[in-house]
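Counted from 1, the sequence shown has number 348 at position 348 by UniProt numbering; the numbering is strictly sequential.
Structure record follows, encoded as structure tokens.
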Amino acid sequence: MKRILISETLKSIGHEVKISGWISKRRDHGKIVFLDIRDMSGLLQVVVVPGSCAHKEVESLRPEWVVSITGKINRRPEKMVNTELLTGTVEMEAKEIEILNEAKTPPFEIDKDTKGVDEELRLKYRYLDLRSTRMNRNITLRHEIIRFVREFLWDKNFREIETPYLTKSTPEGAREFVVPSRLYPGEFYVLPQSPQQFKQLLMVGGIEKYFQIARCFRDEDQRGDRQPEFTQLDIEMSFVDQEDIMDLIEDMMIEMISKLLPHKKIKTTPFERVKYNDSLAKYKSDKPDLRADKSKRDELAFCWVIDKPVFVRSKSDGKLVSDHHPFTMPNTEDIDKLDTEPEKVRAYSYDLVLNGFEIAGGSIRIHKREIQDKIFDLLGVDHEEKNRRFGHMLEAFEFGAPPHGGIASGLDRVASILADEDVIREAMAFPKTGDAKDPLMGAPSPVSKKQLDDVHISLKSEAKNKAIERTDTETND
Ligand code: ASP
């Protein structure tokens with residue numbers, strides 16, 4: 001018999017079916033045994049009565065064993081209905097149980113919410129943690145969000161394009177992960193902090209409407225709820241203004257919430273707009289939480305923060321630095337202030353804030369070489385550095401770059417807020433710990449001397465002993 005999903009048992013009342021999954025719980029009531037069986041779609045109560053073939057097997061069964069069970073789906077008696085469960089109106093009367101695999105006792109309980117369990121332990125055994133109902137729900141919601149945005153943007157004629165992960169530095173303001181090159185001794189690739197330069201080059205390439213579900217890498221000290229790698233919905237469009245991009249994202253969010261989470265209420269549509277300076281003055285924050293009652297998770301208060309400055313002064317040395325990134329277009333009304341009062345120049349940039357968290361940020365870009373040169377000059381980037389780091393961008397602007405702009409939205413954050421979670425790790429399948437480690441894979445970890453030699457790296461004395469003498473077995477070619 002072909003296995004069906006547990007969620008499908010609702011349509012099979014009165015029929016014999018086969019389900020497969022894990023034993024979430026077993027309860028013995030005298031000789032009758034109740035098993036809760038879990039698969040990707042939910043939980044089903046299975047009753048094993050004395051005298052059935054299945055009863056012989058049931059004695060040995062323990063939580064997390066993997067089984068296939070054949071049996072009849074019955075409607076539950078009225079007083080046994082469990083409204084908390086999707087399949088709470090039905091149960092299976094087991095006929096046959098096949099054991100597919102046994103399991104050791106898990107290091108923590110999976111049939112309960114695992115939030116209270118030590119996080120390092122949860123991440124070391126993430127594959128067990130993912131079996132828990134809340135984690136399964138969060139990861140499924142994340143998948144639905146990604147599926148929704150893909151379909152939404154495909155329908156609007158966007159091209160989904162992958163940009164390189166092995167690349168060169170791009171200025172988003174964080175430290176970068178470097179990857180040594182084996183073929184070119186002493187040279188390095190850099191993992192992208194975002195696809196910013198490539199997406200702009202795609203616009204020069206005539207693509208006009210680009211998006212990507214892109215992984216971004218930032219080697220920052222682990223402040224708060226940040227991850228060294230995270231996922232952005234990255235968008236860029238040609239021949240648009242700020243309003244076009246804000247409208248697109250606003251429509252996408254509204255449609256997404258009504259489709260995936262209809263019980264959530266958006267506080268105001270169109271989304272409120274707050275000028276950056278007003279936000280600081282009124283809310284003492286550039287990420288205002290506009291909910292009347294901040295404990296209400298089902299209320300979604302979106303707002304756009306606009307008119308941010310092009311430059312801010314660095315706290316350490318007083319130099320001008322970009323507020324967003326150096327490709328951001330200054331507001332044409334303020335261009336004449338670039339030389340005299342650069343900090344007063346507003347940018348064509350916009351951040352989308354949801355319940356006090358920045359969930360997207362973007363800008364209209366500079367597409368003319370003279371303006372881009374000017375911005376680099378004001379940032380104190382000298383001629384040599386400008387050509388070395390950004391020569392390719394400046395050159396591209398000279399080959400008919402169209403006016404363009406874009407935005408990127410942190411999908412981990414979006415998924416965690418919509419899943420009612422406080423930290424983004426709860427909406428990621430395999431996040432790093434707060435101190436940037438992966439306890440499951442054991443990363444980061446030392447590599448062999450041979451691997452270091454291959455990439456022409458010798459370690460400084462304090463790190464030297466970490467390189468591994470042995471060479472690992474080649475497991476593929
Ligand atoms: N690349 C920017 C970022 O990662 C977003 C954008 O300007 O589109 O913040």
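We treat Cβ as the ideally placed atom computed from N, Cα and C, and that holds for glycine.
The C-beta separation of V33 from V58 comes to about 5 Å, placing the pair in contact by the 8 Å criterion. Distance from the CA atom of E426 to the CA atom of D438, rounded to whole angstroms, is 15 Å. Placement of the Cβ of H325 at a distance of less than 8 Å from at least one heavy atom of the ligand ASP is found. With fewer than 16 other beta carbons inside 10 angstroms of its own, L183 counts as exposed. Residues of the same chain with a CB within less than 7 Å of the CB of P107, apart from the 5 flanking positions on each side, are L121 and Y125 in chain order. DSSP places F148 in the uninterrupted alpha helix (DSSP H) bounded by T133 to D155.
Within the stretch 270-316, the complete beta strand (DSSP E) segments at least 3 residues long are 272-275, 302-306 and 311-313, listed from N- to C-terminus.
As DSSP reads the structure, V33 sits in a beta bridge with D28 and V48.
In this structure, N138 lies away from M40, with their beta-carbon atoms at least 9 Å apart. Short of 7 Å from the beta carbon of L128, and not among the five residues preceding or following it, lie these beta carbons of its own chain, in chain order: P106 and I110. The stretch 243-262 makes contact with the stretch 402-418: 3 or more CB pairs, one atom from each, lie closer than 8 Å.
Annotated three-state conformation of F177 is coil, per DSSP. The three-state reading of DSSP puts M329 in coil, since its state is none of H, G, I, E or B.
Between Q222 and D435, the beta carbon gap of about 6 Å places them in contact (Cβ cut-off 8 Å). Using a C-beta cut-off of 8 Å, the stretch 168-185 makes no contact with the stretch 204-212, since fewer than three inter-stretch Cβ pairs fall below that distance. Residue state for Y165 is assigned as coil, using DSSP reduced to three classes. Secondary structure at M237: strand, using DSSP grouped into helix, strand and coil. In the DSSP assignment, the residues bridged to S20 are S68.
Per DSSP, reduced to three states, the secondary structure at N387 is helical.
Counting along the chain, the unbroken alpha helix (DSSP H) around D377 starts and ends at R369 to L378. It is roughly 23 Å from the alpha-carbon of G410 to the alpha-carbon of L280. Judged by DSSP in its simplified three-state form, V90 adopts strand. For S12, the CB contacts under 6 Å within the same chain, skipping 5 residues up- and downstream, are I73 in chain order. Counting C-beta pairs with one atom in each stretch, the stretch 299-306 and the stretch 254-270 have three or more that are closer than 8 Å, which means they touch. Rounded to the nearest angstrom, the gap between the Cα atoms of K112 and S7 is 20 Å. Within the DSSP bridge table, the entry for V321 names V312 as partners. Our two residues, L86 and E16, have alpha carbons roughly 19 Å apart in a direct line. In this structure, M92 keeps its C-beta atom at 9 Å or more from the C-beta atom of G116. Residue side-chain check: P195 places its Cβ nearer than 8 Å to a non-hydrogen atom of the ligand ASP. DSSP, reduced to helix, strand and coil, places S60 outside both helices and strands of the structure shown, so it counts as coil. 9 Å or more divides the Cβ of P228 from the Cβ of A214.
At a threshold of 8 Å, E119 does not count as near the ligand ASP, since its beta carbon sits no closer than that to any of the ligand's heavy atoms. With a 10 Å radius around the Cβ and a threshold of 16 neighbouring Cβ atoms, E176 comes out buried. Here D382 is exposed, its C-beta having fewer than 16 other C-beta atoms within 10 Å.
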